[in-house]
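Each residue of the sequence shown is one higher than the last, beginning at 46 in the numbering used here. Even glycine gets a Cβ: it sits at the ideal position worked out from N, Cα and C.
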Amino acid sequence: MTHALCPGSFDPPTVGHIEIIERASKLFDSVTVAVIRNSTKNAILTSEERVDFLNRSLVDVKNVNVISFDGLLVDCAKQANADVVVKGLRAISDFDYELQMAQMNRQLSHIETVFLSTNPGHSFLSSSMVRDIARYGGDVSSLVPSAIADDVATRFALSD
Ligand code: PNS
Numbered sequence: 046m047t048h049a050l051c052p053g054s055f056d057p058p059t060v061g062h063i064e065i066i067e068r069a070s071k072l073f074d075s076v077t078v079a080v081i082r083n084s085t086k087n088a089i090l091t092s093e094e095r096v097d098f099l100n101r102s103l104v105d106v107k108n109v110n111v112i113s114f115d116g117l118l119v120d121c122a123k124q125a126n127a128d129v130v131v132k133g134l135r136a137i138s139d140f141d142y143e144l145q146m147a148q149m150n151r152q153l154s155h156i157e158t159v160f161l162s163t164n165p166g167h168s169f170l171s172s173s174m175v176r177d178i179a180r181y182g183g184d185v186s187s188l189v190p191s192a193i194a195d196d197v198a199t200r201f202a203l204s205d
């Protein structure tokens with residue numbers, strides 16, 4: 046049984062995130078999605094909101110559970126009993142940072158990171174763009190899962 050960890054800040058989750066998680070759920074026996082703090086970003090949504098958005102976006106994926114974790118990714122992987130970390134790569138611009146993190150995590154705890162290439166239709170998509178579009182009243186319905194689209198629009202429109 047191979048258990049995968051899909052970590053991220055998910056502020057908010059996008060259709061790109063969900064596609065990677067769904068693909069991981071087919072490749073591995075089970076998947077833990079972990080909302081983890083990224084020290085380079087100031088999240089707007091609370092961890093509870095992000096866990097709720099992810100749960101609502103993943104109701105049809107039966108072998109996935111969602112948690113939040115405050116700390117190092119390697120400690121989260123240990124706590125979740127994960128054998129492998131799964132990350133999506135959108136473009137070469139993601140690669141330097143993701144490679145550095147994968148190598149550091151392997152140095153810290155021997156955990157392997159598997160990279161899935163993002164669907165090209167989602168490669169331009171980021172949570173920060175979704176936040177900006179929602180903040181200024183743009184249409185985010187094709188950018189985030191339909192189950193959370195209205196709440197994302199409302200939540201970020203009110204956040205300033
Ligand atoms: O969705 P993101 O913002 O790209 O996710 C990044 C995240 C949260 C996975 C990354 O910042 C992380 O692993 N944070 C936990 C702290 C940690 O372990 N840092 C050392 C990694 S080299």
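Minimum C-alpha distance to residue i - residue among the options
i: Asp97; options: Asn108, Val106, Val80; result: Val80
i: Glu67; options: Asp56, Gln148, Val111, Ser84; result: Val111
i: Ala189; options: Asp56, Leu72, Ala49; result: In the sequence as displayed, the identity of residue 189 is Val instead of Ala. Cα-wise, what sits closest to Val189 is Asp56.
i: Ala88; options: Arg176, Ser186, Asp139, Gly183; result: Arg176
i: Leu99; options: Leu118, Asp115, Pro52; result: Pro52
i: Ala192; options: Val104, Ser70, Met146, Ser173; result: Val104
i: Thr85; options: Ala69, Asn108, Ser173; result: Ser173
i: Val109; options: Leu117, Ala127, Thr163; result: Ala127
i: Leu170; options: Ser138, Lys71, Val129, His48; result: Ser138
i: Lys107; options: Phe114, Thr91, Val78, Asp115; result: Val78
i: Thr158; options: Phe140, His167, Gly166, Gly182; result: Phe140
i: Leu72; options: Val129, Pro58, Leu118, Ser92; result: Val129
i: Ala179; options: Arg82, Ala49, Met149, Ala198; result: Ala198
i: Thr91; options: Asp115, Ser168, Met46, Ser70; result: Asp115
Endpoints, the beta strand (DSSP E) within which residue i is located
i: Ile65; result: That residue, Ile65, is in no beta strand (DSSP E); its alpha helix (DSSP H) goes 60-72.
i: Phe160; result: 157-162
i: Gly53; result: 48-53
With 16 other Cβ atoms within 10 Å as the buried cut-off, status of residue i
i: Glu94; result: buried
i: Ser102; result: buried
i: Val185; result: buried
i: Leu144; result: exposed
i: Ala202; result: exposed
i: Pro165; result: exposed
Limits of the alpha helix (DSSP H) - the one that residue i falls within
i: Thr199; result: 194-202
i: Ala122; result: 118-124
i: Ser186; result: Element bounds for Ser186: n/a, residue is neither H nor E.
i: Ser173; result: 172-180
Residue i beta carbon near ligand 3 (any heavy atom closer than 6 Å)
i: Met174; result: Looking for ligand 3 in the displayed structure turns up nothing; the ligands present are ligand 1.
Quick one: any contact between the segment 59-78 and the segment 126-133, if contact means 3 or more CB pairs under 8 Å?
-> yes
If you pair each beta-carbon of the segment 113-128 with each one of the segment 150-165, do three or more pairs fall below 8 Å?
-> yes
Runs of beta strand (DSSP E) lying entirely within the segment 72-113, each at least 3 residues, in chain order = 75-81
At 4 residues or longer, and completely inside the segment 125-155: list those alpha helix (DSSP H) runs for me, N to C.
-> 137-154
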